[in-house]
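Student: Each residue of the sequence shown is one higher than the one before, counting from 307 in the working numbering.
For each residue, glycine too, the CB sits at the ideal point set by N, CA and C.
All of these numbers come straight from a predicted model, not from anything done at the bench.
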Amino acid sequence: MHTTAPPPARTTEPANRPGLTPWLAVVSVTTGIFAIVTTEILPIGLLTSIGAGFAITDGMAGLMMTMPGLLAAVAAPLVTVTTARFDRRAMLCALILLLAAANFLAAAATGRRACRSWGTCCEAPARDSRWR
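1) Considering D364, what are the terminal residues of the alpha helix (DSSP H) in which it resides?
2) Less than 8 Å separating the beta-carbons of M371 and P349?
3) Taking A412 as part of the alpha helix (DSSP H), name the residues at either end of that continuous run.
4) Helix, strand or coil for G325, going by three-state DSSP, please let me know.
5) Hey, quick one: how far does the alpha helix (DSSP H) through T354 stretch, first residue to last?
6) Tell me whether I362 is buried or exposed, calling it buried when 16 or more other Cβ atoms sit within 10 Å of its Cβ.
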C-alpha cells in the first residue's frame, strides 16, 4: 500500500523578510567607507596642482599624504584601546561625523592661512631653504 504525504498547509503569514533597517545600516557604512577612501586617495592625483597652488615643491606636497598616514598608524591602536568600552556603532558614527566636519572645513578653507594647523605645520619648512 502506497501512501502519500498531504500537501503542506498554506499559511497566510507574510514571508519573514528583513525590513529596511538593515539596509540603511549597510548604506550608511558604505557611504562612510566611500568618504574615508575618497578623503585618503583623492589628493594623490592632485598633488602637483596642490603644490603649484601653494607654491611648494611636489615633494613637500607629498608630505600631505605621508603625515595623515603616520597619524593614522599612531592613532588607530590608541583610539581602539581608548574607546573599547563604548558602543562601536556610536563610535563609528561619531568618527564619521568628525571626518565630515574636517572635510567641510578643508573645503571651506580659502588658503593656507585659513587653516591654523596647516599654517603652523608648513610655515617654518616653507621659509627654510632646506625644504625647497
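Tutor: According to the data block:
1) Taking the sequence shown and counting its residues from 1, the one referred to as residue 364 is at position 58. Start and end: D364 to T388.
2) Translated into positions along the sequence shown, residue 371 becomes position 65. Translated into positions along the sequence shown, residue 349 becomes position 43. Closer than 8 Å, so yes.
3) In the sequence shown, the residue the question calls residue 412 occupies position 106. A412 -> alpha helix (DSSP H) spans R394 to A414.
4) The residue given as residue 325 occupies position 19 in the sequence shown. If DSSP states are grouped into helix, strand and coil, G325 belongs with coil.
5) Locating residue 354 in the sequence shown gives position 48, counting from the first residue. Element bounds for T354: L353 to F360.
6) In the sequence shown, the residue the question calls residue 362 occupies position 56. Classification for I362: buried.
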